[in-house]
Structures are given as C-alpha cells and as structure tokens.
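In the working numbering, the protein residues as written are -11 to 299.
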Ligand SMILES: [Zn+2]
C-alpha cells in the first residue's frame, strides 16, 4: 500500500488562505529565463511577423511582457488560426512548439490564413517551471469573465474581437510526471481536499470539446503527430487521466464550462494537445516536433473542411 504524504504547505482538509499562498510563493525560484529562451526567439521573428504586446504581469511588467505574433498584412476575408502555448508555464514543448511553428512553417500558409500566436501565456510560470501563476491560480481553469488570473484575462481581451472569426485554435500542453508528484497534490492541498492518485499516460493525446466534438478533426491531428511520436493508450479502465477515451488518443472536456483556454473562441475546430515529455520513448526535441505536427495537421484539416463549417 502506498501512503500519500501530506503536501508540505497547509493543513489537510483546510483550504489555503493568504499565509499558505505566501508560503508557497516563497518556495518558488526562477529556474530559466523568459528573456533568453522566449523573448529572444520572438525578437528574431520581428522581421517577418508583426509582434505586439498585449499586456504585462503586474508584479514585474518589465520582466514579463505578454507578447503575441501576428501575420503581416492581415486580411479580414481570410480564416484566422489561433495558437496558444505556455498557458501552463512548465509545459515547455507548448511554448517552443508554438515558436518553432512560426519560425519554420507559418510562411507556407501565407495568403491562406491570418495567424495570431501567443506562445507563452504564463511567463512567470515558464521561469519557475510551475503550473499556477504567482497567486497560486491555474490560468487554465480561469478563462472566464472576471478571471482571477491576469494571464487569462489578458489573453481573453486579445482574442475577444476575433472570437467568432477563428477557424481553428490549437492550445499546446503537456501531461508530465510532475502533475502526479507535485501539481495535483498541491491543488488538493490548496483546495483542502483529498488527493487521489492517478496514472500519467505515456504518449500524446488530445482533448476535444464535449459540447462540440469534432472527432475526424482530432483524428487528423493525431495522424499527423503519430509520424513523430506515439499516441497514448487508454488505461485499464479505458480512460486517460480519468476521462473515457472516446476514440484512440481522444478525451472530452466541456471546455467553456471548465474555463479552459481552448474554449475562448467559437472556433469550429479546436484542440488541446497533450505531449508526454517524461516518456522513455520521446526526447524533448520530439515533443516540440509533435506540437508542430499537431498545429500543421490541425490547420491542414481545418482548411480542407472550411466549407463544411461555413454551410
Ligand atoms: Zn497544461
């Protein structure tokens, strides 16, 4: 029998207050540089793309500007593609997958789509390799009006004018071993509930919208990714992270109801990618390549099936 150790902050069964959040904040340290690893790459794209600042984190605005990348020569008649990465800052391949796509692949879609890319939605968490923001709030449960997460509120403001004009939104994530070892126990402690152990799937999977499922679209994304890395199998219960597998590599969440990033537009095609970087069968580079393949697969499918959703 395994004994679940209590999380080191707080009292089991009692939700955190300001003192516990402060204790948690005191444990967070910068482990990598947003400037060196993300902003410098965005800078290198300025010649070919429009880079705009859509906000800054209020606790250190100079260090944490929020930047997005857009197509030059935006044309209103073209469909919009929205790519978001780093909503969970620790999910490295999401950030670098978004940037890699812009660096190497976005140009091949020129004249067919407008791009809006927010590659690192939660930069403090990128540096501290955290799931939450500085206030111990998960940005990816906070995409709603009156959001408690400034990262989510800023992205919502940026995307609001395009909400009904996005054809495809790809939100890039990872499912890591630290979800099980650190982030889920932290969440249970913060919320004063009991943590239950789960199983981290080995492989790539996607989350579709239970309210508007697009199975063929998700399958096209998975087919593109399968050329790069393996797709996660269902566990013994036929589930991935506690949700029924509706088709190989696909689970459903009610995106808007849960305040998830993939629900911020009314795009007919939307997907949340989940790469497993701790797999013994996948390198960091493969994880980035898998994110890029997912983005390309999603856009290719959406463009080929655009007429169906306009009907
Ligand atoms: Zn995530």
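Even glycine gets a Cβ: it sits at the ideal position worked out from N, Cα and C. Quantities reported herein were computed from a predicted structural model and do not represent experimental measurements.
What residues in its chain sit with their C-beta under 6 Å from that of residue 154, if we drop five residues either side in the sequence?
On the chain shown, position 166 is the one that residue 154 refers to. These residues qualify, in order along the chain: 68, 70, 253, 255.
Identify the continuous beta strand (DSSP E) that holds residue 170 and give its terminal residues.
Position 182 of the chain shown, counted from the first residue, corresponds to residue 170. Here residue 170 belongs to no beta strand (DSSP E), and DSSP marks it neither H nor E.
For a test of the three-state rule: what should DSSP assign to residue 288, helix, strand or coil?
The residue you call residue 288 lines up with position 300 of the chain shown. Three-state result, residue 288: helix.
First and last residue of the uninterrupted beta strand (DSSP E) at residue 16:
Along the chain shown, read from residue 1 onward, the residue named residue 16 stands at position 28. Premise fails: residue 16 is in no beta strand (DSSP E) and is neither H nor E.
Based on the DSSP output, what are the partners of residue 238 in its beta bridges?
Looking up residue 238 in the chain shown gives position 250. Its beta-bridge partners are 194, 235.
For residue 62, count neighbouring C-beta atoms within 10 Å of its own C-beta (all shown protein chains included) and say buried if the count is 16 or more, exposed if not.
Translated into positions along the chain shown, residue 62 becomes position 74. With fewer than 16 Cβ atoms within 10 Å of its Cβ, residue 62 is classed as exposed.
What number of angstroms, rounded off, separates the C-alpha of residue 60 from the C-alpha of residue 222?
Numbered from 1 along the chain shown, position 72 holds the residue referred to as residue 60. Numbered from 1 along the chain shown, position 234 holds the residue referred to as residue 222. The alpha-carbon atoms of residue 60 and residue 222 are separated by roughly 42 Å.
So, with DSSP's three-state summary, where would you put residue 297?
Working through the chain shown from its first residue, we reach residue 297 at position 309. Looking at residue 297 - three-state DSSP - the assignment turns out to be helix.
When 19, 72, 151, 121 are compared against residue 259, the one with the closest alpha-carbon:
Reading the chain shown from its first residue, position 271 is the one you call residue 259. Comparing Cα-Cα distances from residue 259 to each of 19, 72, 151, 121, the minimum goes to 72.
C-beta atoms of residue 179 and residue 9 nearer than 8 Å
The residue you call residue 179 lines up with position 191 of the chain shown. The residue you call residue 9 lines up with position 21 of the chain shown. Against a cut-off of 8 Å, the Cβ pair of residue 9 and residue 179 comes out as no contact.
Is it right to say residue 50 is buried, meaning 16 or more other beta carbons lie within 10 angstroms of its own, or is it exposed?
Translated into the one-based positions of the chain shown, residue 50 becomes position 62. Residue 50 comes out exposed.
On a Cα-Cα basis, can you pick out the residue from 157, 2, 14, 164 that is closest to residue 101?
Walking along the chain shown from the start, residue 101 turns up at place 113. Ranking the options by Cα distance to residue 101, first place goes to 157.
Around the C-beta of residue 13, are 16 or more other C-beta atoms found within 10 angstroms, so that it is buried, or is it exposed?
On the chain shown, position 25 is the one that residue 13 refers to. Exposed: under 16 other Cβ atoms inside 10 Å.
Looking at the structure shown, is residue 161 part of a helix, part of a strand, or coil, going by DSSP?
For the purposes of this step, residue 161 is taken as the residue at position 173 of the chain shown. Three-state DSSP puts residue 161 in a strand.
At the level of alpha carbons, what is the spacing between residue 145 and residue 289?
Sequence index remark: in the chain shown, residue 145 carries index 157 (1-based). Sequence index remark: in the chain shown, residue 289 carries index 301 (1-based). Roughly 27 Å between the two C-alpha positions.
Residues that DSSP places opposite residue 70 in a beta bridge
Position 82 of the chain shown, counting from 1, holds the residue named residue 70. Beta-bridge pairing links residue 70 to 104, 157.
Give the straight-line distance between the Cα atoms of residue 189 and residue 217, rounded to the nearest whole angstrom.
Taking the first residue of the chain shown as 1, we reach residue 189 at position 201. Taking the first residue of the chain shown as 1, we reach residue 217 at position 229. Near 13 Å, if we compare the C-alpha coordinates of residue 217 and residue 189.
Are the CB atoms of residue 213 and residue 282 nearer to each other than 8 Å?
In the chain shown, counting from the first residue as 1, residue 213 sits at position 225. In the chain shown, counting from the first residue as 1, residue 282 sits at position 294. Yes. Within cutoff.
Whose C-beta lies closer than 8 Å to the C-beta of residue 136 among residues of the same chain, with five residues either side of it excluded?
The count along the chain shown starts at 1 and reaches residue 136 at position 148. Around residue 136: 123, 125, 130.
Span of the alpha helix (DSSP H), counted from its first residue to its last, around residue 253:
Residue mapping note: residue 253 aligns to position 265 of the chain shown, counting from 1. It is not in any alpha helix (DSSP H) - residue 253 carries neither H nor E in the DSSP assignment.
Are the beta-carbon atoms of residue 193 and residue 220 separated by less than 8 Å?
What you label residue 193 is simply residue 205 of the chain shown in a count that begins at 1. What you label residue 220 is simply residue 232 of the chain shown in a count that begins at 1. Yes. Within cutoff.
Between residue 141 and chain D, is any beta-carbon pair separated by less than 8 Å?
This model lacks chain D altogether; it includes just one protein chain.
Using DSSP with H/G/I as helix, E/B as strand and the rest coil, what is residue 263?
In the chain shown, counting from the first residue as 1, residue 263 sits at position 275. Residue 263: strand per DSSP, three-state reduction.
For residue 99 and residue 276, which I take to be in contact (beta-carbon distance under 8 Å), what is that distance rounded to the nearest angstrom?
Position 111 of the chain shown holds residue 99. Position 288 of the chain shown holds residue 276. Rounded, the Cβ-Cβ distance is 26 Å, inconsistent with contact.
The beta strand (DSSP E) enclosing residue 54, as first and last residue numbers:
For the purposes of this step, residue 54 is taken as the residue at position 66 of the chain shown. From DSSP, the beta strand (DSSP E) with residue 54 extends over 53 to 58.
Out of 168, 196, 197, which one is the CA nearest neighbour of residue 184?
The count along the chain shown starts at 1 and reaches residue 184 at position 196. Here the closest residue by C-alpha is 168.
Could you tell me which residues DSSP pairs with residue 41 in its beta bridges?
As a working mapping, residue 41 is identified with position 53 in the chain shown. Beta-bridge pairing links residue 41 to 55.
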